[in-house]
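Reviewing the structure listed below.
2 protein chains.
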Amino acid sequence: MKQKIFLIVGLGLIGGCYAQGLSKQGYTVYAIDPDEEAVAFALDKGYIKKGASFPKPELIQEADAVVLGLYPAKMVDWVRGNQQYFKPGIFVTDVSGVKRAVVYDVQAVLRPDAEFIAAHPMAGKEVSGVQNSDNRIFLEANYIVTPTDKNTPAGIDFAEELGRTLRFDRITTLSPEEHDRMIGYLSQLTHAIAVSLMNANPNEHLVAYTGDSFRDLTRIAKINETMWTELFFLNKDMLVPEIDAFIAALNHLKEQVQTENAQELKRLFVQSTQRRRLFDKG
Amino acid sequence: MKQKIFLIVGLGLIGGCYAQGLSKQGYTVYAIDPDEEAVAFALDKGYIKKGASFPKPELIQEADAVVLGLYPAKMVDWVRGNQQYFKPGIFVTDVSGVKRAVVYDVQAVLRPDAEFIAAHPMAGKEVSGVQNSDNRIFLEANYIVTPTDKNTPAGIDFAEELGRTLRFDRITTLSPEEHDRMIGYLSQLTHAIAVSLMNANPNEHLVAYTGDSFRDLTRIAKINETMWTELFFLNKDMLVPEIDAFIAALNHLKEQVQTENAQELKRLFVQSTQRRRLFDKG
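This is how it looks when you write it as structure tokens:
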């Protein structure tokens, strides 16, 4: 990338991974985060060259590109309050897990001589904070760029090149709508299921009998409650119909068990087996 | 174990693992299975010393113990048709994934000078058949003995010692009722969920965007339709209420999303996180 200096706004787990990955590739990285310890940790580890836990305009003024590592609801306010320091022609991107709720709003408030190009790094860990950052989580992960009519080919190129620089496994492009529909099923519904499976039953006495299937199914039931509450609310028009479709499928299966309809139950098992095979990794 | 010669009836994946594990420990293993190729394979690999794909009374007559590796519905018939060849005092065990439906029936028809002590090796693979047997799947797995009033301390000892010989990670005892309730939630409900998640949605176009969470949640959607249809039907009085409880929990979560009740949704996430931590392996 022709950009030399990157500013990370929000040094959480993912912001920290971006800082790590970019500095390993020879870019200069700055960071802003209200958490003094997060900034000190990133400086100490060499993830960033400069950092501040308080408003520091010169970090923004020097930056050639900005990565918003903030929760979705905080992005618009940060852009509104700080864009006067942006270099003209700057590219701004983000890491948010929902897109419609942020992309259009940020693009609407942004200075006309800057460009916001959204992207979703589909990676995470069960723990949060820059102290747990490890940019190797990107090696097996998808990175999705979600451009709108307002984006330029140069802006999309920048986001894709950032994904390659961070060494994501696969880089693709979806509209914000396509992205949010996909994430509602593949990610949000699966988290809702895992959480509900843990909550359906007082199950502490079953730990001793638990096999890997149950552990695999519930691993993501350990969840950052603040971030996921925000993500669920911002995508509820996509998530709620996915929950309904899943419950309908499960109720259909239940009816075949209740009525002992072996033919239809076997058909359901065969269909799930065939579909799931497509998802096996090469 | 003081028993020297084991007869495996049904050389499927699990029967094959028993044969492998027992012969590695120095026991003599015979097997009966209508599938000629399965018997030939096990002989060739040294899993068994003698085998037959047709009724062969002398294999039964020589056996000191019998392991029924059959589908639940076939056990009673096999015992009824072959127990005239049993040595007096023989122990008979099984590998079935449901217990109430087989234990009482087999014990009711069994000769009074023989003892049926049921056990469930909670291990499996996505593929079936002795050709895929690998007794190392027991190293991380639970083995549950499910005695009834008809069992003797010697019979229970035999089953537990068999589990230790096969090197299971953890050997426990539950009543058939406790076992079936536990399995309805931990195993059958999780399989019903994985299958329904795959079936809820035509999802072939989403393969490219799929992360590990979705793959973890749906791995067990690849399922042996004949065996699992039988297991679900035989345990439906336990499974159906577990499905209902899970759907109630998921609907409750959905309502918090629809009404944007952040406090209750966060409580659900915190509860699932805390409960799931108990299931992390040491």
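Chains as they are written, first to last, in the numbering used here: chain C, 1 to 282; chain X, 283 to 564. Note that the Cβ used here is the ideal one computed from N, Cα and C, for glycine as well.
- prompt: How would you write the range of the alpha helix (DSSP H) that Y142 of chain C sits in, first residue to last?
  reply: Mapped onto the first sequence, residue 142 of chain C falls at position 142. As written in the sequence, residue 142 of chain C is Asn, which differs from the Tyr given in the question. From DSSP, N142 of chain C is part of no alpha helix (DSSP H) but of the beta strand (DSSP E) over N142 to V145.
message: My assumption, with CB atoms under 8 Å, is that G97 of chain C sits in contact with G12 of chain C. Please give the rounded CB distance.
response: Working through the first sequence from its first residue, we reach residue 97 of chain C at position 97. Working through the first sequence from its first residue, we reach residue 12 of chain C at position 12. Wrong, their Cβ atoms sit about 12 Å apart, outside the cutoff.
message: For a contact defined as C-beta to C-beta under 7 Å, what are the partners of V552 of chain X on chain C?
response: In the second sequence, residue 552 of chain X corresponds to position 270, counting from 1. Residues of chain C passing the Cβ test: E225.
- request: Take the Cβ of E37 of chain C as the centre, count every other Cβ of all protein chains shown within 10 Å, and call the residue buried at 16 or more, exposed below.
  value: The count along the first sequence starts at 1 and reaches residue 37 of chain C at position 37. Exposed: under 16 other Cβ atoms inside 10 Å.
- prompt: By DSSP, does V67 of chain C sit in helix, in strand, or in coil?
  reply: Reading the first sequence from its first residue, position 67 is the one you call residue 67 of chain C. Note: V67 of chain C maps to strand in three-state DSSP.
- prompt: Which whole-angstrom value describes the C-beta separation of Y226 of chain X and L186 of chain C, a residue pair presumed to lie in contact below a C-beta threshold of 8 Å?
  reply: This structure does not reach residue 226 of chain X, given that chain X is present from 283 up to 564, and the question cannot be answered.
message: Can you pull the chain C neighbours of R497 of chain X, defined as C-beta to C-beta under 7 Å?
response: By one-based count along the second sequence, residue 497 of chain X stands at place 215. Per Cβ cutoff of 7 Å: F279.
field: Those residues which DSSP pairs with K332 of chain X across a bridge
entry: Numbered from 1 along the second sequence, position 50 holds the residue referred to as residue 332 of chain X. Answer is X:Y312, bridged to K332 of chain X.
query: Using a Cβ cut-off of 8 Å, which residues of the segment 108-136 of chain C contact any Cβ in chain X, in chain order?
result: M122 and A123
field: Reference E443 of chain X; option with closest CA among X:I399, X:L289 and X:S415
entry: The residue given as residue 443 of chain X occupies position 161 in the second sequence. Nearest C-alpha to E443 of chain X: X:I399.
field: C-beta contact flag for V374 of chain X and L350 of chain X at 8 Å
entry: Taking the first residue of the second sequence as position 1, residue 374 of chain X is located at position 92. Taking the first residue of the second sequence as position 1, residue 350 of chain X is located at position 68. Yes, the pair counts as a contact, with Cβ atoms nearer than the cut-off.
- request: Can you say whether G406 of chain X is buried or exposed, counting buried as having 16 or more other CB atoms within 10 angstroms of its CB?
  value: Sequence index remark: in the second sequence, residue 406 of chain X carries index 124 (1-based). G406 of chain X is buried by the Cβ-count criterion.
field: 8 Å Cβ cutoff met for A527 of chain X and N201 of chain C
entry: Start at 1 with the first residue of the second sequence, and residue 527 of chain X comes out as number 245. Start at 1 with the first residue of the first sequence, and residue 201 of chain C comes out as number 201. Yes, these two residues count as a Cβ contact at 8 Å.
query: Quick one, which of X:N417, X:Q365 and X:D387 has its alpha-carbon nearest P354 of chain X's?
result: By one-based count along the second sequence, residue 354 of chain X stands at place 72. Of the listed residues, the one whose Cα sits closest to P354 of chain X is X:D387.
message: Buried or exposed for N251 of chain C, going by 16 or more other Cβ atoms inside 10 Å?
response: Along the first sequence, one-based indexing puts residue 251 of chain C at 251. Exposed.
- prompt: Beta-carbon of A441 of chain X versus every beta-carbon of chain C: anything under 8 Å?
  reply: Position 159 of the second sequence holds residue 441 of chain X. Judged by the 8 Å Cβ criterion, A441 of chain X is not in contact with chain C.
message: As a quick exercise: from C:Q188, C:K49, C:T152 and C:A101, pick the residue whose alpha carbon is nearest that of A114 of chain C.
response: Sequence index remark: in the first sequence, residue 114 of chain C carries index 114 (1-based). Minimum Cα distance to A114 of chain C is reached at C:T152.
- prompt: Are A436 of chain X and V427 of chain X closer than 8 Å when you measure CB to CB?
  reply: On the second sequence, position 154 is the one that residue 436 of chain X refers to. On the second sequence, position 145 is the one that residue 427 of chain X refers to. Going by C-beta atoms, A436 of chain X is not nearer than 8 Å to V427 of chain X.
message: Between which residues of its own chain and Q470 of chain X is the CB-CB distance below 8 Å, once the five residues before and five after are set aside?
response: Position 188 of the second sequence, counted from the first residue, corresponds to residue 470 of chain X. Within the same chain, Q470 of chain X has close Cβ partners L513, F514, N517, M520, L521 and E524.
task: For my contact list, I48 of chain C and A19 of chain C are in at a C-beta cut-off of 8 Å; report their separation, rounded to the angstrom.
output: As a first step, residue 48 of chain C must be located in the first sequence, where it is residue number 48. As a first step, residue 19 of chain C must be located in the first sequence, where it is residue number 19. Going by Cβ atoms, the distance from I48 of chain C to A19 of chain C rounds to 5 Å, so yes, they are a contact pair.
task: Compare the C-beta of M520 of chain X with all C-beta atoms of chain C and state if any pair is closer than 8 Å.
output: What you label residue 520 of chain X is simply residue 238 of the second sequence in a count that begins at 1. No, no contact with chain C.
task: Note down, one range per segment and in chain order, each alpha helix (DSSP H) of at least 4 residues found wholly within the segment 432-494 of chain X.
output: 435-447, 458-465 and 472-481
- request: Tell me, please, whether the CB atom of G493 of chain X is closer than 8 Å to any CB atom in chain C?
  value: Position 211 of the second sequence, counted from the start, is the residue given in the question as residue 493 of chain X. Yes, contact with chain C.
field: Proximity of Y85 of chain C and P57 of chain C at Cβ, strictly below 8 Å
entry: The sequence position of residue 85 of chain C within the first sequence is 85, counting from 1. The sequence position of residue 57 of chain C within the first sequence is 57, counting from 1. Against a cut-off of 8 Å, the Cβ pair of P57 of chain C and Y85 of chain C comes out as a contact.
- prompt: Is the Cβ of K381 of chain X closer than 8 Å to any Cβ of chain C?
  reply: If you number the second sequence from 1, residue 381 of chain X lands on position 99. It does not: the Cβ of K381 of chain X has no partner Cβ on chain C nearer than 8 Å.
- request: Name the residue from C:W78, C:D33, C:I32 and C:Q271 whose alpha carbon lies nearest to the alpha carbon of N485 of chain X.
  value: Indexing the second sequence from 1 puts residue 485 of chain X at position 203. Checking every option, the nearest Cα to that of N485 of chain X belongs to C:Q271.
task: Please report how far the alpha carbon of D35 of chain C lies from the alpha carbon of D44 of chain C, in whole angstroms.
output: The sequence position of residue 35 of chain C within the first sequence is 35, counting from 1. The sequence position of residue 44 of chain C within the first sequence is 44, counting from 1. One C-alpha to the other measures close to 14 Å.
query: At a Cβ cut of 8 Å, what residues of the segment 182-205 of chain C count as close to chain X, listed as they run along the chain?
result: M182, Y185, L186, S187, L189, T190, H191, A192, I193, A194, V195, S196, L197, M198, N199, A200, N201, N203 and E204
message: Please report the distance separating the alpha-carbon of E126 of chain C from that of D33 of chain C.
response: Walking along the first sequence from the start, residue 126 of chain C turns up at place 126. Walking along the first sequence from the start, residue 33 of chain C turns up at place 33. Approximately 21 Å, taken between the alpha carbons.
Residues bridged to P403 of chain X (per DSSP): In the second sequence, the residue the question calls residue 403 of chain X occupies position 121. For P403 of chain X, which the question treats as bridged, DSSP gives the partners X:Y425.
- request: Tell me whether F214 of chain C is buried or exposed, calling it buried when 16 or more other Cβ atoms sit within 10 Å of its Cβ.
  value: Position 214 of the first sequence, counted from the start, is the residue given in the question as residue 214 of chain C. Buried: at least 16 other Cβ atoms inside 10 Å.
Contact with chain X by L253 of chain C, beta-carbon distance below 8 Å: Looking up residue 253 of chain C in the first sequence gives position 253. Chain X, which has a Cβ nearer than 8 Å to the Cβ of L253 of chain C, makes this yes.
message: Which residue wins for smallest C-alpha separation from H230 of chain X, given the options X:D462, X:G333, X:G328 and X:T310?
response: There is simply no residue 230 of chain X to check, as chain X begins at 283 and stops at 564 in what is shown.
- prompt: Should L304 of chain X be labelled buried (16 or more other beta-carbon atoms within 10 Å of its own) or exposed?
  reply: Counting from one through the second sequence, the residue named residue 304 of chain X turns up at place 22. Buried: at least 16 other Cβ atoms inside 10 Å.
query: Which two residues bound the contiguous beta strand (DSSP E) that contains L289 of chain X?
result: Position 7 of the second sequence holds residue 289 of chain X. Note, L289 of chain X: beta strand (DSSP E), I287 to V291.
- prompt: So which residues of chain C does L547 of chain X contact, with C-beta pairs closer than 9 Å?
  reply: For the purposes of this step, residue 547 of chain X is identified with residue 265 of the second sequence, where counting begins at 1. Here the neighbours are E225, W228, T229, F232 and F233.
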